[in-house]
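**Q** Provided herewith is a single structure, encoded as structure tokens, for subsequent inquiry.
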């Protein structure tokens, strides 16, 4: 991977950056309002046109759906930024295999990259660091969200070690302008406007919360983001003092407050029963997850074609050959996706480690008490 020539002017988004000031957070809130209001205004225009004419064509329907999706995405990003701004995060630094986690994220998002026609090129050395697992996972997903939303080329990812002092360095390089314009001089502001979106703000603030330096450079239509991780885990380092199970129990105890341990993780709820869907959504409301609901296996298949969730909670009543094929296909493509089967009747809660097919199980009456801890275990075990 090449870097911008040192002799040319380089615009850096940030250098060593402290935590945002109240004024900076005010700017983020203002940007959040703009990114929600813009798409909703466009959606309102489509709805008014529909009310006037009584009809809407496919193009208008696509525009309406995109506007609503954009506003929803902005709202979700705002939730995750609010979690970072709360000051209530308790980081549990454990030994993390950064390379494996990054490959897991890329595998999970392979359908999305293919649908966008984006090639992700990798050059990854084996690196282990000390970091909070859930926040590191959120950082890698935020990186992909931002890169995929802005690239006009392939996305080049490189993970290596600096000579001295030794640090882990993850770099992401892509063209933020159309490839046929890269020969032009200068970098028009409009071509890089998306680089400073809420997705960037979330990426930047997640990195800072982790103690990672995000350095962004852009020149002549090329963006290069470098993330430096200082806390490497040497081969002879002792294991972390607390186990995953202990961490999950501690997180579960904090669920009653403002802790949102799985903020940013996406849960797909599959059920034709509206009340059952509502019960599932209510059970995970305080976890900060991004929840989508579908009413049929066909809708779930369509959802997964557009991008895989981190976990799927499905109604046992819908289990058929099509659903089993969907689960098998997703598991082959992205082994880190967690599956939980929920029963309307009596059923004991089972972790995926206790079932032959690797699917966790829970009854409807246990959703309020057991589902949050069950999901934390399943997702943390895989990440």
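Numbering (the UniProt record's numbering), first residue to last: 1 to 383.
All C-beta atoms, glycine included, are put in the ideal place defined by N, C-alpha and C.
Buried or exposed: where does residue 259 fall if 16 or more other Cβ atoms within 10 Å of its Cβ makes it buried?
**A** Per-residue confidence for residue 259 stands at a pLDDT of 40, beneath the threshold of 50, marking its modelled position as unreliable; the derived number appears in the next sentence. Buried, since its Cβ has 16 or more Cβ neighbours within 10 Å.
**Q** Identify the residues that DSSP records as bridge partners of residue 124: which are they?
**A** 159
**Q** Cβ of residue 230 less than 8 angstroms from any chain B Cβ?
**A** Annotation note: the requested chain B is absent from the structure, which comprises a single protein chain.
**Q** What are the start and end residues of the alpha helix (DSSP H) that includes residue 327?
**A** 321-333
**Q** Does residue 306 pass the burial test, meaning 16 or more other C-beta atoms within 10 Å, or should it be called exposed?
**A** In the assembly as shown, residue 306 is an exposed residue. Its beta-carbon has fewer than 16 other beta-carbons within 10 Å.
**Q** Can you tell which of 170, 195, 294 has the C-alpha that lies nearest to the C-alpha of residue 227?
**A** 170
**Q** Please check the pair residue 362 and residue 342, which I expect to be a contact at CB under 8 angstroms, by giving their CB distance rounded to whole angstroms.
**A** Yes, residue 362 and residue 342 are in contact; Cβ-Cβ is about 5 angstroms, under 8 angstroms.
**Q** Between which residues of its own chain and residue 96 is the CB-CB distance below 8 angstroms, once the five residues before and five after are set aside?
**A** 128, 129, 130, 131, 133, 136, 233, listed in sequence order.
**Q** Starting from residue 81, follow the alpha helix (DSSP H) in both directions and report where the run begins and ends.
**A** Per DSSP, the continuous alpha helix (DSSP H) segment holding residue 81 begins and ends at 58-85.
**Q** Please determine, among 153, 219, 229, the residue with the shortest C-alpha to C-alpha distance to residue 93.
**A** 229
**Q** Give the range of the alpha helix (DSSP H) segment to which residue 301 is assigned.
**A** That run of the alpha helix (DSSP H) goes 297-306.
**Q** Could you give the residue range of the alpha helix (DSSP H) that holds residue 169?
**A** Unbroken run through residue 169 is the beta strand (DSSP E), 168-175; no alpha helix (DSSP H).
**Q** Should residue 354 be labelled buried (16 or more other beta-carbon atoms within 10 Å of its own) or exposed?
**A** exposed
**Q** What is the residue span of the alpha helix (DSSP H) that residue 388 lies within?
**A** Coverage of the chain is limited to positions 1 through 383, which leaves residue 388 absent and any answer about it impossible.
**Q** Mind checking who residue 231 pairs with in its DSSP beta bridge?
**A** Paired residue(s): none; residue 231 is not in a bridge.
**Q** Output yes or no for whether 8 angstroms exceeds the beta carbon distance between residue 195 and residue 223.
**A** yes
**Q** Please list the terminal residues of the continuous alpha helix (DSSP H) segment that includes residue 275.
**A** 274-283
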